[in-house]
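Quick note on numbering that gives the first Met the number 0: the sequence shown kicks off at 0 and runs consecutively.
Beta carbons: idealized from backbone N, C-alpha and C, even for Gly.
Contents: one structure, followed by commentary.
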Amino acid sequence: MSTSGIRPHRAHAFTGKHRFFMMMAICMGAFISHFTAGIVNVSLPQFTQFFQTDLGKVQWITTGYLLVITALLPVMGKMGDRYGFRRIHNLGYVFFTISSILLTFSTHISVLLVLRMVQAVGAAMFQATNIALITLHVPKENRGRALGIVSTAVALGAMTGPILGGWIAEWFSWQWLFLIHVPAAAAATLLAFRYIPVGGQKRRSDSFDKVGALLFMVGISSVIFGISNASSWGWLSVQTIFIFAAALITLLILLLWEQRQTFPFLPIRALRISAVSYGLIVSCASFMLANTLLVVIPFYLSGTAGLSPSTAGYMLAAYPITLALAGPVAGYLSDRYGSRRFMFLGLGGMGSGFALLALYLGQLPVIGVLAVLALIGLGMGLIASPNNSFIMKHAPAEHIGSIGSMIALTRNAGMVIGAALGLGVIPRGAGQPGQAELLASYQSVFEINLYVCIGVITLLGYAIHRDRKRRSQ
Numbered sequence: 000m001s002t003s004g005i006r007p008h009r010a011h012a013f014t015g016k017h018r019f020f021m022m023m024a025i026c027m028g029a030f031i032s033h034f035t036a037g038i039v040n041v042s043l044p045q046f047t048q049f050f051q052t053d054l055g056k057v058q059w060i061t062t063g064y065l066l067v068i069t070a071l072l073p074v075m076g077k078m079g080d081r082y083g084f085r086r087i088h089n090l091g092y093v094f095f096t097i098s099s100i101l102l103t104f105s106t107h108i109s110v111l112l113v114l115r116m117v118q119a120v121g122a123a124m125f126q127a128t129n130i131a132l133i134t135l136h137v138p139k140e141n142r143g144r145a146l147g148i149v150s151t152a153v154a155l156g157a158m159t160g161p162i163l164g165g166w167i168a169e170w171f172s173w174q175w176l177f178l179i180h181v182p183a184a185a186a187a188t189l190l191a192f193r194y195i196p197v198g199g200q201k202r203r204s205d206s207f208d209k210v211g212a213l214l215f216m217v218g219i220s221s222v223i224f225g226i227s228n229a230s231s232w233g234w235l236s237v238q239t240i241f242i243f244a245a246a247l248i249t250l251l252i253l254l255l256w257e258q259r260q261t262f263p264f265l266p267i268r269a270l271r272i273s274a275v276s277y278g279l280i281v282s283c284a285s286f287m288l289a290n291t292l293l294v295v296i297p298f299y300l301s302g303t304a305g306l307s308p309s310t311a312g313y314m315l316a317a318y319p320i321t322l323a324l325a326g327p328v329a330g331y332l333s334d335r336y337g338s339r340r341f342m343f344l345g346l347g348g349m350g351s352g353f354a355l356l357a358l359y360l361g362q363l364p365v366i367g368v369l370a371v372l373a374l375i376g377l378g379m380g381l382i383a384s385p386n387n388s389f390i391m392k393h394a395p396a397e398h399i400g401s402i403g404s405m406i407a408l409t410r411n412a413g414m415v416i417g418a419a420l421g422l423g424v425i426p427r428g429a430g431q432p433g434q435a436e437l438l439a440s441y442q443s444v445f446e447i448n449l450y451v452c453i454g455v456i457t458l459l460g461y462a463i464h465r466d467r468k469r470r471s472q
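Put into structure tokens, the structure is as follows:
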């Protein structure tokens, strides 16, 4: 079955210049949305002082943004299938840019939170449709490289947001947290309207499953909300158990409902394709592994290793640098040689890095930690773009919007799970933990990551073996 979803002449109807600026517009959005997600984290105490409120409300600046994006990604993918990926993507830029400007005029925390949610709606609109647009308008022989560039933009945005947020918190007012990206967002909006092609998509006209969409949003929001707060509530607390139980019941009802629908909200038929389902599992797991590292290692570098925050920040740059170098190359090579071997190599690289951290973290010199960060970044670069290309290659044409949004969903979910896991192992309590206790906690989470890597490699190998066996019959 063709997976491009385009008329035969459309993919090659644009000059190299048009395609370059289209990719620039898409990548700027991918960078900005993840950059904005993390830039406010360091400044949360500053918001409590300015708005004279408690940290519980202020944390919704981060948690609410993430919840809205995660809950709306499949909805926006569906909207793209029906009304056009270009329209949803570009309107998302407009909402995001305008809300970013309006945020700086907030005089009350409630106003700021509402506008932050509008900003998240915009981010969900273009996050859910950017991979579909690339699948539509980039030729198959260049698609892996294009997806690799987008994956690199996502990683760089997630990495640079907290670093730049720390500098702004130290030297500027909080308004700059929402203004600094506005020129780039405005430029991306103009480029998107000018260079993303208007035609080429076969839109779907089937009915929209509103009940399925509502059940999904409630269920996935409950999961993300529970994971985000479990560390502070306690994983076995009444609140945590209640939230997870409600989420489980809601998601079970959703699955039963979707099985009875002619046009279900979730792309059930596509998710039954093993290449799509295990590709999404790899996506979620890889971002969980990466975000666990990025949450825990700064504590180790600044605390146990005794490095200054600036030195720790420079060391952390090893991860996105190697990812940025490996991502487009892996995408290009996967177009020629297939994706699976790069996915295995990437998971092996990440697993090797976590094995070194789990076994030798306290004994590694600073240059050793730097090398491990680079190794894990290299592994992530080898996974992301080949995996995305692999998923979209096997996705039915009528579901590329939904599957593209599912890739973004698994990415965001993995980042949340990784952050919760990383923060969850850091000792809490009245007394200050000793260095040995802290080191053991850090090593324990890296050991968990190693087991996750082994599990995903095993799952991937089994799925590939099963597919080959089925084709040979």
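Assuming residue i is part of the alpha helix (DSSP H), what are its boundary residues?
i                : result
tyrosine 194     : 181 to 194
tryptophan 173   : It is not in any alpha helix (DSSP H) - tryptophan 173 carries neither H nor E in the DSSP assignment.
serine 333       : 317 to 336
arginine 259     : Neither: arginine 259 is in no alpha helix (DSSP H) and is coded neither H nor E.
valine 120       : 108 to 126
serine 285       : 273 to 298
glycine 367      : 365 to 393
phenylalanine 94 : 84 to 102
serine 32        : 15 to 38
glycine 348      : 339 to 359
alanine 131      : 129 to 136
leucine 306      : That residue, leucine 306, is in no alpha helix (DSSP H); it is neither H nor E in DSSP.
alanine 269      : 267 to 270
Whole angstroms are fine: how far does the CA of residue j sit from the CA of residue i?
i                 : j              : result
serine 1          : proline 385    : Confidence is the limiting factor: at serine 1 the pLDDT is only 37, short of 50, which leaves the residue's position unreliable and the question unanswerable from this model.
methionine 75     : isoleucine 280 : 21 Å
valine 39         : aspartate 466  : 45 Å
glycine 91        : alanine 24     : 12 Å
aspartate 334     : methionine 287 : 26 Å
phenylalanine 46  : valine 120     : 22 Å
isoleucine 453    : alanine 373    : 20 Å
histidine 33      : glycine 156    : 5 Å
alanine 311       : leucine 300    : 6 Å
alanine 429       : tyrosine 313   : Caution applies to alanine 429, whose pLDDT of 45 falls short of 50 and renders its modelled position unreliable; the value that the coordinates give is listed next. Going by the C-alpha atoms only, they are around 32 Å apart.
asparagine 387    : glycine 143    : 8 Å
valine 217        : glycine 165    : 33 Å
phenylalanine 445 : tyrosine 194   : 44 Å
isoleucine 320    : leucine 377    : 9 Å
alanine 145       : valine 137     : 8 Å
threonine 303     : valine 371     : 17 Å
arginine 85       : leucine 135    : 10 Å
alanine 131       : tryptophan 256 : 26 Å
alanine 123       : glutamine 362  : 42 Å
arginine 18       : leucine 111    : 37 Å
isoleucine 272    : leucine 437    : 43 Å
leucine 114       : leucine 344    : 42 Å
alanine 418       : tyrosine 318   : 16 Å
lysine 392        : arginine 470   : 17 Å
Residue i: buried (16+ other C-beta within 10 angstroms of its C-beta) or exposed?
i                 : result
alanine 435       : exposed
lysine 468        : exposed
threonine 473     : The question about residue 473 has no answer here: the residues shown for the chain are numbered 0 through 472.
glycine 4         : Since pLDDT at glycine 4 reaches only 39, below the 50 mark, its modelled position is unreliable, and the value read off the structure follows with that caveat. Glycine 4 is buried by the Cβ-count criterion.
glycine 198       : exposed
leucine 346       : buried
tyrosine 359      : exposed
threonine 188     : buried
threonine 106     : exposed
serine 221        : buried
phenylalanine 264 : buried
lysine 16         : exposed
tryptophan 170    : exposed
tyrosine 461      : exposed
leucine 251       : exposed
alanine 244       : exposed
Under 8 Å, do residue i and residue j count as touching if we go by C-beta distance?
i                 : j              : result
valine 415        : serine 276     : no
glycine 352       : isoleucine 382 : no
threonine 291     : asparagine 448 : yes
glycine 380       : alanine 329    : yes
cysteine 26       : isoleucine 223 : no
glycine 37        : threonine 151  : no
glutamine 442     : alanine 357    : yes
glutamine 126     : leucine 72     : yes
phenylalanine 241 : asparagine 89  : no
alanine 185       : threonine 96   : yes
lysine 77         : glycine 403    : no
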